[in-house]
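Peer 1: To start, I am sharing the structure in question, which I have written as structure tokens.
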Amino acid sequence: RLLIIDFGSQVTQLIARRLRELNVYCEIRPFNAITDDDLRADPPQAIILSGGPASVTDKDGPRAPQAVFELGVPVFGICYGQQVMMDQLGGSVEAGHHAEYGRAFIAPAPGHRRDGIFAGLFQDGREEVWMSHGDRVTEMASGFEVIGTSPHAPMAMIADESRHFYGVQFHPEVHHTPNGRKMLENFVQLAGFTGDWTMASYKDEAIRKIREQVGDRRVICGLSGGVDSSVAAVLIHEAIGDQLTCVFVDHGLLRLDEADQVVTMFRDHYNIPLIHADEADLFLDALDGVSDPEVKRKTIGRLFIDIFQREAGKIDGAEFLAQGTLYPDVIESVSFSGGPSVTIKSHHNVGGLPEKMGLKLVEPLRELFKDEVRALGRELGLPESFIGRHPFPGPGLAIRCPGTITRDKLKILRKADAVFIDQIRKHDLYDDIWQAFVAILPVRTVGVMGDGRTYDYACALRAVTSVDGMTADFYPFSHDFLGETATRIINEVKGINRVTYDITSKPPGTIEWE
Ligand code: XMP
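764 is the number that this note's numbering gives to position 272 of the sequence shown; each next residue is one higher, with no gaps.
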């Protein structure tokens, strides 16, 4: 295995992700959770030291266990990791003054070697990299030579080939360092990894960890019908069978036939014990007359927690709550006084529940990115049509119905949404789009159908491309597609007589309408 020692960088998980892409098994351990003895007792095959927010010029700042440099295995220090390596091996680091953020170009050092992790680089005479540092190395430890320099980091790439120790000032793990992957690939190759690790091995390892954590105790899993909670549920069921019970809180704000599909799939197909709390009336009555988006969200969130708690209370002796939290949902940082501290996005559906109910968390997906969760879902045999589904927000159709929500509007919205998605699938565009849906607008407009006047709702189509939901652009449908879809919606959905297309990007817009 490859060990990543984490000094708290926001992008440490990206290193792990790149290694998984190279089919290499890795583990991330916070710097303060691993000792010299741990390392000597069970030495990894190679070590990567991550970046981090601290400064090595601070005498009490984080350090790597000294054994890292004594095991005789290849070591790759990234950013703070490079600085800590220099500091611990006898070089010098200077604080502040020469910060570099964003794109930079590395020039090859005169007489440099292109070996080890730097093999195959500088094809164009320089290397584009992504920098994010305040401190920099000013004096190398003995045995090292400079391979490349940037305007503000004279030792941006360094190597001690005899020991296979490497350091870089920039971040090879981010996309903005085009040859970063090549450096990581070179590193794992010289460390002797054969690249035979797969998602199947990840699954086996995750199952082993769940069994170890849970033992013979019981787990409750909140199922939303989305990909993340579904993959988590199926994985946990594979690990501990009927010690798992799923609770599906149906708030009546799901898409056409969605609730039935969830129940059929989990109860009938996977044989997973499932409580279906059909509480549409309760939610819709509570939302009656509510038009403020935040009040909608809070009302749904509060009721969701109440119902979940009520249903979970019926499961005897449950000690764990399973969640499909993904890595991007988690902002994890290493705190220097204690262990990693965790903040979860405020819109997470069951936030606050574990403390309230005295439950411990099982989060088997928290190291993974969305596309990796999909790969794991495939490994678990979930149907492709289900795995590739667009994200759907916890508050459901409520936030696609600006203004007040009525049963009538929801019915119209569901039908229009189904037609839009059908169109997208028919034109084979579904997988090119991050998310697509219809919002029903709180406006009625005049139209003419046949010889009669209509006075019905207007709706907006929304379809965006995105990589992570943080930024997005509208999807460039052809005019023919838009025209055909508008005609179908107006003909097939009673209650809508006008269709618009939302061409706002994010930012400044958001993907959802509320
Ligand atoms: P926005 O609208 O903020 O959405 O651009 C970004 C992504 O997040 C989803 N979203 C939510 N997901 N609970 C969720 O589970 C929520 O409250 C929530 N609000 C937005 C949205 O669908 C998009 O994928």
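For glycine and all other residues, C-beta sits at the position ideal for the given N, C-alpha and C.
No experiment lies behind these values; they were computed from the predicted model shown.
(1) Is the segment 749-765 touching the segment 722-730 in the sense that three or more CB pairs, one from each, lie closer than 8 angstroms?
(2) Just to confirm my understanding: we take I879, look at its own chain, exclude 5 residues before and 5 after, and list those with CB closer than 7 angstroms. What are they?
(3) Using the rule of at least 16 other Cβ atoms within 10 Å of the residue's Cβ for burial, across every protein chain shown, is N983 buried or exposed?
(4) Is R628 buried or exposed, if buried means 16 or more other CB atoms sit within 10 Å of its CB?
(5) Can you give me the Cβ contacts of F828 inside the same chain, cut-off strictly under 6 angstroms, excluding the 5 residues immediately before and after it?
(6) Distance, Cα to Cα, K907 vs Y993?
(7) Please list the terminal residues of the continuous beta strand (DSSP E) segment that includes N983.
(8) Taking A645 as the reference, which of F884, G612, A599 and A950 has the closest Cα?
(9) If I measure Cβ to Cβ from V938 and keep anything under 6 angstroms in the same chain, skipping five residues before and after, which residues do I get?
(10) Take Q735 as the anchor and find which of V706, D742 and H604 has the nearest alpha-carbon.
(11) Taking the straight line between their C-alpha atoms, what separation do you get for L665 and M632?
(12) I need the straight-line Cα distance from D863 to D960, nearest angstrom please.
(13) Have a look at E586, F657, G612 and W622 and flag the residue whose alpha-carbon is nearest the alpha-carbon of L541.
(14) Please tell me whether, using a cut-off of 7 angstroms, the distance from the CB of P566 to the nearest non-hydrogen atom of the ligand XMP is below it.
(15) Rounded to whole angstroms, what's the CA-CA distance from V930 to V956? Just pull it up for me.
(16) Thinking just about the alpha-carbon of each residue, which of G816, M849 and R794 is nearest to the one in P856?
(17) Between N678 and the rest of its own chain, which residues show a CB-CB distance below 8 angstroms, the 5 nearest in sequence each way excluded?
(18) Since Q915 is in the alpha helix (DSSP H), which residue starts that stretch and which ends it?
(19) Tell whether a beta-carbon distance below 8 angstroms holds between L494 and F685.
(20) Looking at the secondary structure, which residues open and close the alpha helix (DSSP H) in which M623 lies?
(21) Go through the segment 558-616 residue by residue and report every complete run of the alpha helix (DSSP H) that reaches 4 residues or more, in order.
(22) According to DSSP, is E824 helix, strand or coil?
(23) Given a threshold of 16 other Cβ atoms within 10 Å of its Cβ, counted over all protein chains shown, does V985 qualify as buried or as exposed?
(24) Would you kindly check if the distance between the Cβ of I497 and the Cβ of A508 is under 8 angstroms?
(25) Assign G939 to one of three DSSP states: helix, strand, or coil.
(26) Measuring alpha carbon to alpha carbon, tell me which of E653, E619 and P894 ends up nearest G640.
(27) Can you have a look at N841 and say buried or exposed, based on whether 16 or more other CB atoms are within 10 angstroms of its CB?
(28) Is K790 close to the ligand XMP? I mean its beta-carbon at under 7 angstroms from any heavy atom of the ligand.
(29) What three-state label does DSSP hand H839 in the structure shown?
(30) Can you grab the Cα-Cα spacing for the pair Q502 / I981, in whole Å?
(31) Is DSSP giving L807 helix, strand or coil here?
(32) Which one or two residues does DSSP pair with I932 in a beta bridge?
(33) Taking the C-alpha atoms as reference points, what is the distance between R463 and D742?
Peer 2: On the basis of the supplied data:
(1) yes
(2) V719, R866, G869 and R870
(3) exposed
(4) buried
(5) Note that F828 scores 33 on pLDDT, short of 50, meaning its location in the model is unreliable and no value can be drawn from it.
(6) 17 angstroms
(7) Not the beta strand (DSSP E): N983 falls in the alpha helix (DSSP H), residues H971 to E984.
(8) A599
(9) Y947
(10) V706
(11) Residue 665 is actually Glu in this sequence, not Leu. For E665 and M632, the distance between alpha carbons rounds to 23 angstroms.
(12) 10 angstroms
(13) F657
(14) no
(15) 12 angstroms
(16) G816
(17) G608, I609, F610, A611 and G612
(18) R899 to K918
(19) yes
(20) Looking at the DSSP string, M623 is not in any alpha helix (DSSP H); the run it does join, the beta strand (DSSP E), is E619 to H625.
(21) 572-581
(22) Caution is warranted here: a pLDDT of 34 is assigned to E824, below 50, making its placement in the model unreliable, and the coordinate value is therefore given only provisionally. E824 falls in the strand class under three-state DSSP.
(23) buried
(24) no
(25) strand
(26) E619
(27) Because the pLDDT at N841 is just 47, under 50, the model does not fix this residue reliably, and the point stays unresolved.
(28) no
(29) Reliability of the predicted coordinates at H839 is poor, the pLDDT of 44 falling under 50, and the value obtained from them is presented with this limitation in mind. Three-state DSSP puts H839 in coil, outside helix and strand.
(30) 44 angstroms
(31) The sequence given here has Ile at residue 807, not Leu. In the structure shown, I807 sits in coil (DSSP, three-state: anything other than H, G, I, E or B).
(32) C951
(33) Because the chain in this structure spans residues 493 to 1006, residue 463 falls outside the shown range and cannot be described.
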